[in-house]
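Participant: A single structure is presented below for examination.
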Amino acid sequence: MNKLDGYTKFQLFFHVFIFLFALGVIWAYALKGFQIFYMLIGTGIALNSLYNLLKLYRNVQSHKKTLS
1270 MNKLDGYTKF QLFFHVFIFL FALGVIWAYA LKGFQIFYML IGTGIALNSL
1320 YNLLKLYRNV QSHKKTLS
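First residue of the sequence shown: 1270, per this note's numbering; consecutive thereafter.
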């Protein structure tokens, strides 16, 4: 897993950043009069990032099981 450690960490931080950014977009547009289009875009981005985080977590867990 040494070769994947750097890439896995990058994916983790990237998707956490994108998820938090998308939540910020949703929150900002909710305060500005509930602009539904931007909230839908932010929600889609947040859900995609959350899905990729869960997929990354499953890959790391399955890789740990194969090493044990």
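For glycine and all other residues, C-beta sits at the position ideal for the given N, C-alpha and C.
Could you tell me whether the Cβ atoms of M1308 and Y1298 are closer together than 7 Å?
Facilitator: Counting from 1 along the sequence shown, the entry for residue 1308 is found at position 39. Counting from 1 along the sequence shown, the entry for residue 1298 is found at position 29. Yes, these two residues count as a Cβ contact at 7 Å.
Participant: Taking buried to mean at least 16 other C-beta atoms within 10 Å of its own C-beta, is G1302 buried or exposed?
Facilitator: Indexing the sequence shown from 1 puts residue 1302 at position 33. Exposed is the call here.
Participant: Work out the CA separation of L1325 and S1331 for me, nearest whole Å.
Facilitator: In the sequence shown, counting from the first residue as 1, residue 1331 sits at position 62. In the sequence shown, counting from the first residue as 1, residue 1325 sits at position 56. Answer to the nearest angstrom: the Cα atoms are 10 Å apart.
Participant: Mind checking G1311: buried by the 16 CB within 10 Å criterion, or exposed?
Facilitator: The count along the sequence shown starts at 1 and reaches residue 1311 at position 42. With 16 or more other Cβ atoms within 10 Å, it is buried.
Participant: Once you ignore the five residues that flank K1305 on each side, which residues in its own chain have a CB closer than 7 Å to its CB?
Facilitator: Residue mapping note: residue 1305 aligns to position 36 of the sequence shown, counting from 1. The sequence given here places Ile at residue 1305; Lys does not occur at that position. No residues qualify anywhere along the chain.
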